[in-house]
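Residue numbers (the working numbering): 29 to 447.
Notes for the one structure printed next.
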Amino acid sequence: MRNKFVNQQHDNSPIVIVGAGLTGISAAEALRAEGWKGEIVLLSQEKAMPYDRPPLSKEALREAVPPEKLLLRDRDFYDEQRIDLRLGVAADAIDVARKQVALSDGSSLAYQKLLLATGSRVRQVERFPHGAARVHYLRELDDSSRLRQEMAHVAGHVLVVGAGIIGLEVAAVAVQRGLKVTVIELGARPLARAASPALADFLSDAHARHGVDIRCGVRIIEANPAADGYEVRLSDETCLHADLVVVGAGVVPNSELARSAGIDTAPEGVRVDGRGRTNIADVYAAGEVAFHYNELHGAYRREETWQHAISHGGHVARCMLGADDAYAEPMSYWTDQYDYSVLVFGSPMGVRDVVRGDARSGSFIVFHVDEDGICGLTAVNAARELRKYKPLVSAHASVPDEVIRNVEEDLSHHYAARA
Ligand SMILES: Cc1cc2nc3c(=O)[nH]c(=O)nc-3n(C[C@H](O)[C@H](O)[C@H](O)COP(=O)(O)OP(=O)(O)OC[C@H]3O[C@@H](n4cnc5c(N)ncnc54)[C@H](O)[C@@H]3O)c2cc1C
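Structure follows, in C-alpha cells:
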C-alpha cells in the first residue's frame, strides 16, 4: 500500500486539532488567547459549519431553527482568530514518528502538536439500523432536522429506546407535538447513569403527567420492520406498533484513529493524564473522546457534557503551550424537559438525596450526600440557589439533613468544611 505520508519539515508546523466540535473550538480559542502565534489547523469531517449540539434535542427539535442560530462561532471568528478550518476533511491516520496526519482529501499535514477532539458517535442498536426508514438516532444537525420533519408528518406512536437524557428530551418534545410516546429502558430506572434517583422520580412523574409511558426493566424480544414503522414485541409481554423509533442508547468514543496510531486507549476513550497528554509525545486528547485523569476525583473518567467540552478543551490547550496544572473540574450539565430546567453540579450519585424545597412546586434543589458530606447538587428551576450552594460541594461540606431541608436556614452559615 502506498505510504500516505511524505517527509515534511516540522519546524513551522501548525498545531493540528482533529474535530471541530465544542472541544476543538474551545481549544483553538484558548490557544490564541494564551498567545499562540503559529498556525492552527482545525479539521472537521462534518461538512456543516461547527454547531452546538444541545439544541438538537430541544428547541431545534420543536421547531425549525435557522442553521446560523446553531453555530458555535460565526464565520468571521475563524478568520479573525486565524484558524484554518477545513470542513469535510477527516484525519484518516496519524504517523506519530513523523508527526504527520493523513487526510481524507489525499494530502498529509505535519504537526508540531496534535489535539484529538474527535468526540463520540451514537451507539447503534442492531435491530434498528442507523439510516433505516422510521429509525432515528440523534447526534448531528441532520439527525435533528430529519426527526423533526418526520414527527411533523407521522401522526402516531413513537418508541424511544433508552431512558437517558437524550431519550427523555426527545420523549418530551414528541408528546408535546401530540404524538403517543412509549419509552423503554433496560435498566431499573430512568437516567441511571446521569442523574440521582430523586431527579429520575421527579422527571418520571412529569413524563407520566404528560402521557409518556416509561417502562423500565423492559427489553425488546422482537422487532420487525413494517411498511409504516416497526412491529415490536417487548419482554413485558406486550406488543406495539411504532410509527417512529428513536434510539438513545448512549455513545461510543471516536478513539479508533488514536488506537490505530498506537496511542493508548481504553474502552472509555483515549487515555490522557491530567494535562491531556497521551502516551505519545506531542499528542493530546480532550473533551468527550478523552478518558482523562481528573485530580478532583483522583480517577480517570469520560464526560459527555457541554461544560466539560469547554473546560477540558481550554485546559488541554493551555497545557499544550506549557501550563502544568492538572485538570480538576467538577461535572456540570443541564437538561430541559417540559417547563423544567434542570442543572446538575458535582456528583449526583451520593448515598442519599436530601430535598430542599417542595418538589410539587416545580422548583427545588436536591443535595446529594455521600459518606463525607455534600458531593453534588441538582436544581430544578432553581439556578440561583444552585449557584449559591456550589461552595458547599467544593468544600464537600457536612451539613445535617434537617438543616438542609429547612428552607428558613441560610446554609452558608451552617456548614462545617471538611478538614
Ligand atoms: C443531541 C444532544 C444534546 C445534548 N444536550 C446536552 C445538554 O443539554 N447539556 C449538556 O451538558 N450536554 C449536552 N450534550 C453533550 C455535549 O453537547 C457534548 O458533550 C459536546 O458537544 C462534546 O463535544 P466534543 O467536541 O468533545 O465532541 P463532538 O461534539 O462529538 O465533536 C467531535 C467532532 O469531531 C469530528 N471528528 C471525529 N473524528 C474525526 C476525524 N477523524 N477527522 C475529523 N473530524 C473528526 C466529529 O465528526 C465531530 O464533529 C448533548 C449532546 C447531544 C448529541
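Using N, Cα and C, we set each Cβ at its ideal position, and we do this for glycine too.
Remember, it's a predicted structure, so these values are computed and weren't measured experimentally.
For residue i, verify whether its CB is less than 7 Å away from any heavy atom of ligand 1.
i           : result
residue 252 : no
residue 282 : yes
residue 361 : yes
residue 278 : no
residue 422 : no
residue 52  : yes
residue 146 : yes
residue 48  : yes
residue 313 : no
residue 249 : no
residue 194 : yes
residue 73  : yes
residue 333 : yes
residue 357 : no
residue 85  : yes
residue 316 : yes
residue 199 : no
residue 82  : yes
residue 217 : no
residue 405 : no
residue 223 : no
residue 202 : no
Around the C-beta of residue i, are 16 or more other C-beta atoms found within 10 angstroms, so that it is buried, or is it exposed?
i           : result
residue 349 : exposed
residue 332 : buried
residue 323 : exposed
residue 193 : buried
residue 177 : exposed
residue 224 : buried
residue 410 : buried
residue 320 : buried
residue 172 : buried
residue 438 : exposed
residue 384 : buried
residue 295 : exposed
residue 440 : exposed
residue 330 : buried
residue 325 : exposed
residue 415 : exposed
residue 228 : buried
residue 235 : buried
residue 97  : exposed
residue 141 : buried
residue 430 : exposed
residue 242 : buried
Please state whether DSSP places residue i in a helix, a strand or coil.
i           : result
residue 266 : coil
residue 41  : coil
residue 327 : strand
residue 174 : helix
residue 158 : coil
residue 141 : strand
residue 362 : strand
residue 418 : helix
residue 204 : helix
residue 393 : strand
residue 371 : strand
residue 338 : helix
residue 94  : coil
residue 71  : strand
residue 308 : coil
residue 195 : helix
residue 446 : Here residue 446 scores only 43 on pLDDT, less than 50, and its place in the model is too uncertain to base an answer on.
residue 48  : coil
residue 61  : helix
Are residue i and residue j close, meaning C-beta to C-beta below 8 Å?
i           : j           : result
residue 279 : residue 258 : no
residue 282 : residue 146 : yes
residue 135 : residue 342 : no
residue 50  : residue 80  : yes
residue 119 : residue 59  : no
residue 198 : residue 166 : yes
residue 363 : residue 268 : no
residue 208 : residue 185 : yes
residue 513 : residue 246 : The chain is shown from 29 up to 447; residue 513 falls before or after that span and cannot be answered.
residue 189 : residue 230 : no
residue 368 : residue 408 : yes
residue 406 : residue 428 : no
residue 298 : residue 318 : yes
residue 169 : residue 46  : no
residue 43  : residue 110 : no
Nearest chain C C-beta to residue i closer than 8 Å, yes or no?
i           : result
residue 105 : Of the protein chains in this structure there is only one, and it is not chain C.
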